[in-house]
Ligand SMILES: Cc1cc2nc3c(=O)[nH]c(=O)nc-3n(C[C@H](O)[C@H](O)[C@H](O)COP(=O)(O)OP(=O)(O)OC[C@H]3O[C@@H](n4cnc5c(N)ncnc54)[C@H](O)[C@@H]3O)c2cc1C
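Numbering (the numbering used here), first residue to last: 157 to 526.
Structure (structure tokens):
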């Protein structure tokens, strides 16, 4: 019979769970990763994959430290796990487009007022300057905030690389749905899956939007909901775009697969992961407003997946209670790819009882205790 014990059980083969498995295995811990489908089968395999930089140091933002840590971990993991000639992370500028005067005034103001405290290569570009970088942007766009230090990854490749690294150090994948997390109050923890019991010193719940359901049996309330998002992938005429564009709450960018991806939607429709025609029409209309040449693009495929969003919109990372051996790592929401490595690393540090290097108190899931 296969060994049903490990130092740490991780539930969820998305970016947060695979990051936890990677950092734990690196430190000699035995890991069992439970995944009901396959690694990166949901949002972590189908996200847009842009890592926007932080605009400034903002200690008042509760996610600032986590974001800073995560962008650093992204760089480290990419350096460590990239295959020769195939970097997991590539530098690619993003531009936040201003579509009307109030938005342009806001970006110009941000740039002028804070230019000395802005981090990295951040500039306001009027339409004329912008059109030198990408001539196909509509003349109705007023200008944009240029973020030269954005990067992009393939979320699927990055997540899988972290899992392969963990597996190479002995982590084992259990391709089964966890039915429940067992925490009996005496300190012993484990999971029930496929009619069998597995036990460990710690359990990390990184099950994305499914995390709430899994925790029901423990008596803890961690409100995480699915927020559906869709992307269309187009074969567009002309050369690939050198920059990614952000407009309203949407975006567009050329990808290494040769296609131009446009997103997105924010839909509260439960666990439905089916692409819809109405989303496609909305995404295309929004994209064509800033990139009119996309009217001639050919639709290749459309994807839909679910972001994990907590009740207050902030991530949840930490033990269920101060002395609990069940640790949650979820709630990345629209920034879950950016935040994934830090969610996994902080959860791994907490499982080991080592310093997380950040003040994660505010992000504790215990904040949802009534
Ligand atoms: C359209 C779209 C575009 C996005 N683009 C970006 C972006 O550009 N940048 C960014 O930062 N973020 C982006 N995101 C957000 C990001 O994709 C998510 O926040 C992130 O992938 C969540 O990762 P996760 O590991 O927490 O969850 P998931 O990726 O959902 O992984 C959870 C895993 O747990 C497994 N699981 C669940 N329950 C069980 C169980 N009972 N037993 C076993 N396994 C279980 C699931 O099968 C799943 O594989 C985007 C999201 C969407 C929808």
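All C-beta atoms in this analysis are idealised placements derived from N, C-alpha and C, irrespective of residue type, glycine included.
None of the values given here were measured: they were computed from a predicted structure.
Note on residue 419: 16 or more other CB atoms within 10 angstroms of its CB, so buried under the neighbour-count rule. As DSSP reads the structure, residue 282 sits in a beta bridge with 299. Distance check between residue 197 and each of 312, 185, 490 places 312 closest, using alpha-carbon atoms only. The straight-line gap separating the alpha-carbon atoms of residue 217 and residue 453 is approximately 40 Å.
For residue 367, the secondary structure class from DSSP, reduced to helix, strand or coil, is helix. The continuous alpha helix (DSSP H) containing residue 501 extends over residues 492 to 508. In this structure, the straight-line span from the alpha carbon of residue 371 to that of residue 484 is close to 9 Å. CA-to-CA, the gap between residue 192 and residue 428 works out to about 17 Å.
Sorting 462, 397, 347 by C-alpha distance to the C-alpha of residue 387 places 462 at the top.
Residue 445: member of the alpha helix (DSSP H) spanning 433 to 446, first to last residue.
Listed as beta-bridge partners of residue 462 by DSSP are 384. About 13 Å separates the beta carbon of residue 310 from that of residue 195, a gap too long to meet the 8 Å contact definition.
Per the DSSP secondary-structure output, residue 475 pairs in a beta bridge with 483.
Ranked by how close their Cα comes to the Cα of residue 342, the residues 494, 274, 481 have 481 in first place. According to the DSSP secondary-structure assignment, residue 410 is paired through a beta bridge with 416. Rounded to the nearest angstrom, the gap between the Cα atoms of residue 448 and residue 267 is 28 Å.
Residue 224 sits in a helix when the DSSP states are folded into three classes. Residues 252, 254, 280, 299, 300, 301 of the same chain have their beta carbon placed closer than 8 Å to that of residue 263, with the five preceding and five following residues left out of the count. Within the DSSP bridge table, the entry for residue 187 names 164 as partners. Assignment of beta-bridge partners to residue 348 by DSSP yields 336, 353. Within the same chain, 164, 345, 481, 483, 507 come within 7 Å of residue 358 by CB-CB distance, once the 5 residues on both sides are set aside.
Taking 8 Å as the cut-off, one finds no heavy atom of ligand 1 near enough to the beta carbon of residue 321. A direct Cα-to-Cα measurement between residue 296 and residue 260 gives close to 12 Å.
In the assembly as shown, residue 243 is an exposed residue. Its beta-carbon has fewer than 16 other beta-carbons within 10 Å.
Checking the DSSP bridge columns, you'll see residue 232 has no partner listed. Note on residue 184: under 16 other CB atoms within 10 angstroms of its CB, so exposed under the neighbour-count rule.
With a cut-off of 8 Å, the C-beta of residue 245 is classified as distant from ligand 1, since no heavy atom of the ligand falls inside that distance. Ranked by how close their Cα comes to the Cα of residue 248, the residues 398, 363, 493, 381 have 398 in first place. Secondary structure note for residue 309: its beta strand (DSSP E) is the uninterrupted segment 307 to 309.
In the assembly as shown, residue 510 is an exposed residue. Its beta-carbon has fewer than 16 other beta-carbons within 10 Å.
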